[in-house]
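K.L.:
Below you will find the structure I want to go over with you.
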Amino acid sequence: MPRGDLLGSLEHLVLLALVRLGDDAYGMTVRREIEERTGRSLSIGAVYATLDRLETKLYVSSSTGEATAARGGRAKRLFRIEGRGEQALAASQSAIQQMTAGLPRRWRTT
Amino acid sequence: MTHPRVPALPTWLLQSILPHRDRDGMLGDLSEEYSLRSSASIVTARRWYWGQVWRSIPAVLIARIRRDNWPLTMVVALGVYVLVGVLNVVGGLLVARLLGAPIATDESGVIVGLTAIAIGGFVAARLRRGAAGVLGGLVVIVAVVLIASPRDPAPLWYQLIFLVLGPLAAHVGGTVASRVRLHRR
């Protein structure tokens with residue numbers, strides 16, 4: 105895999121969150137998913153900055169969702185992972201698995 | 095069911111630096127979670143909201159610097175800052191002639207200065223998106239330098255006013271320019 109295709113750690117987590125959330129992936133659910141699963145507290149600004157960067161790389165796409173009263177009448181921006189994003193995520197996962205293969209149990213990811 | 099209003103000041107702060115395409119999504123997300131958290135405790139919800147906004151500001155600014163052509167924005171803001179200086183001098187001379195008094199660092203100087211910065215903010219925003227914000231930053235830097243400088247003849251209150259209201263004036267000018275742009279579309 106070329107060096108330029110390697111995902112940053114936050115990009116990696118955000119793409120995994122998009123896979124987990126499916127059709128319900130938007131800024132706050134992505135932030136919450138990462139926080140609940142990893143214990144890593146993120147700002148919504150950091151999540152959007154990462155999502156925007158991934159969209160520029162064509163790894164994700166966004167669309168406008170519903171606006172509710174709880175959101176102050178503001179529409180959701182829904183995100184979904186695209187084919188290129190899936191490829192980059194798979195390559196990144198594979199790289200981690202290959203790097204951890206053969207290491208003592210505590211370093212293995214699965 | 096009624097939903098609590100989000101704190102106005104942090105919302106305004108974040109809104110003023112967010113790119114247009116992220117505005118509804120991010121502010122709506124914050125509003126949604128604030129609504130959920132405030133049902134448990136309004137104090138905790140407010141603290142959470144402020145924390146999210148403060149922590150988001152650096153990420154949003156860094157993302158904008160990466161995405162926009164930042165050197166060009168800086169050049170535009172610096173050019174407009176020179177224009178603000180010229181406007182300030184010309185305005186000061188006009189006021190001095192009208193009042194028949196020398197140019198002074200008093201209330202009239204504040205009004206002329208802030209008006210010049212607001213006009214500068216308008217021009218900067220018309221020339222380049224984000225340049226009004228940089229102009230506000232330049233005003234803050236210059237005010238801090240002048241406050242720290244023992245040679246500056248202006249009184250402290252005079253510089254403090256520019257430190258606080260200067261960036262606000264640039265922001266107001268920039269906002270007016272954005273509204274004009276939207277109105278013309």
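Protein sequence lines, in the order shown, are assigned to chains A and B.
Numbered according to my numbering, the first sequence spans residues 105 to 214.
Numbered according to my numbering, the second sequence spans residues 95 to 279.
Built from N, CA and C at the ideal position, the CB exists for glycine as well.
Does residue 203(A) get closer than 7 Å to chain B when you measure Cβ to Cβ?
P.N.:
Taking the first residue of the first sequence as position 1, residue 203(A) is located at position 99. It does not; no Cβ of chain B falls within 7 Å.
K.L.:
Assign residue 99(B) to buried or exposed, taking buried as 16 or more other Cβ atoms, counted over all protein chains shown, within 10 Å of its Cβ.
P.N.:
Stepping through the second sequence from its first residue, residue 99(B) is reached at position 5. With fewer than 16 Cβ atoms within 10 Å of its Cβ, residue 99(B) is classed as exposed.
K.L.:
Under a CB-based cut-off of 7 Å, is residue 149(B) close to chain A?
P.N.:
Within the second sequence, numbered from 1, the residue matching residue 149(B) stands at position 55. Judged by the 7 Å Cβ criterion, residue 149(B) is in contact with chain A.
K.L.:
Report yes if the CB atom of residue 114(A) is closer than 7 Å to the CB atom of residue 160(A), and no otherwise.
P.N.:
Counting from 1 along the first sequence, the entry for residue 114(A) is found at position 10. Counting from 1 along the first sequence, the entry for residue 160(A) is found at position 56. No, Cβ-Cβ distance for residue 114(A) and residue 160(A) is not below 7 Å.
K.L.:
Rounded to a whole number of angstroms, what is the C-alpha to C-alpha distance between residue 244(B) and residue 130(A)?
P.N.:
For the purposes of this step, residue 244(B) is identified with residue 150 of the second sequence, where counting begins at 1. For the purposes of this step, residue 130(A) is identified with residue 26 of the first sequence, where counting begins at 1. Inter-residue distance for residue 244(B) and residue 130(A) is about 52 Å (C-alpha atoms, whole angstroms).
K.L.:
The beta strand (DSSP E) that contains residue 164(A), what's its start and end?
P.N.:
Walking along the first sequence from the start, residue 164(A) turns up at place 60. Here the beta strand (DSSP E) through residue 164(A) covers 164-171.
K.L.:
Could you pull out every residue in the same chain whose Cβ sits closer than 7 Å to the Cβ of residue 213(B), ignoring the five residues on either side in sequence?
P.N.:
To locate residue 213(B), count along the second sequence from 1; it is residue 119. Correct list, in chain order: 181 and 267.
K.L.:
Check whether the stretch 150-163 of chain B and the stretch 198-208 of chain A are in contact - that is, three or more C-beta pairs closer than 8 Å.
P.N.:
no
K.L.:
Note down the Cα distance separating residue 171(B) from residue 144(A), rounded to an integer number of angstroms.
P.N.:
As a position in the second sequence, residue 171(B) is number 77, starting the count at 1. As a position in the first sequence, residue 144(A) is number 40, starting the count at 1. So the two alpha carbons sit approximately 38 Å from each other.
K.L.:
Let me check one thing: in DSSP terms, what residues is residue 185(A) bridge-paired to?
P.N.:
Start at 1 with the first residue of the first sequence, and residue 185(A) comes out as number 81. Residue 185(A) is bridged to 164(A).
K.L.:
Residues in its own chain within less than 6 Å of residue 270(B) by CB, not counting five upstream and five downstream?
P.N.:
For the purposes of this step, residue 270(B) is identified with residue 176 of the second sequence, where counting begins at 1. Same-chain partners within the cutoff: 216.
K.L.:
Would residue 107(A) be called buried (16 or more neighbouring beta carbons within 10 Å of its own) or exposed?
P.N.:
The sequence position of residue 107(A) within the first sequence is 3, counting from 1. With a pLDDT of 47 at residue 107(A), under the threshold of 50, the modelled position of this residue cannot be trusted; read the value that follows with caution. Looking at its Cβ environment, which holds fewer than 16 other Cβ atoms inside 10 Å, residue 107(A) is exposed.
K.L.:
For residue 101(B) and residue 156(B), what's the separation of their Cα atoms in angstroms?
P.N.:
As a working mapping, residue 101(B) is identified with position 7 in the second sequence. As a working mapping, residue 156(B) is identified with position 62 in the second sequence. Cα to Cα, residue 101(B) sits roughly 24 Å from residue 156(B).
K.L.:
Less than 7 Å between the beta carbons of residue 260(B) and residue 211(B), yes or no?
P.N.:
In the second sequence, the residue the question calls residue 260(B) occupies position 166. In the second sequence, the residue the question calls residue 211(B) occupies position 117. In contact: residue 260(B) and residue 211(B) (Cβ atoms closer than 7 Å).
K.L.:
Buried or exposed: where does residue 105(A) fall if 16 or more other Cβ atoms within 10 Å of its Cβ makes it buried?
P.N.:
For this step, residue 105(A) is matched to residue 1 along the first sequence. For residue 105(A), the pLDDT reaches just 45, beneath the cut-off of 50, and the residue's location in the model is therefore unreliable, leaving the point undetermined.
K.L.:
Could you give the first and the last residue of the continuous alpha helix (DSSP H) run that contains residue 220(B)?
P.N.:
Numbered from 1 along the second sequence, position 126 holds the residue referred to as residue 220(B). Unbroken alpha helix (DSSP H) run through residue 220(B): 201-221.
K.L.:
Is there at least one Cβ from chain B nearer than 7 Å to residue 112(A)'s Cβ?
P.N.:
Walking along the first sequence from the start, residue 112(A) turns up at place 8. With 7 Å as the cut-off, residue 112(A) does not count as an interface residue toward chain B.
K.L.:
Out of curiosity, what's the CA-to-CA distance linking residue 122(B) and residue 249(B)?
P.N.:
Translated into positions along the second sequence, residue 122(B) becomes position 28. Translated into positions along the second sequence, residue 249(B) becomes position 155. Looking at the backbone, the Cα of residue 122(B) and that of residue 249(B) are separated by about 44 Å.
K.L.:
I'd like to know whether the C-beta atoms of residue 142(B) and residue 131(B) end up nearer to each other than 7 Å.
P.N.:
The sequence position of residue 142(B) within the second sequence is 48, counting from 1. The sequence position of residue 131(B) within the second sequence is 37, counting from 1. In this structure, residue 131(B) lies closer than 7 Å to residue 142(B) by Cβ.
K.L.:
Residues of chain A with CB closer than 8 Å to the CB of residue 154(B), please, in chain order.
P.N.:
Along the second sequence, one-based indexing puts residue 154(B) at 60. Ordered by position in chain A, the residues that pass the 8 Å Cβ test against residue 154(B) are 149, 152 and 153.
K.L.:
Are residue 101(A) and residue 173(A) close, meaning C-beta to C-beta below 7 Å?
P.N.:
The structure shown does not extend to residue 101(A), since chain A spans only 105 to 214, so no value can be given for it.
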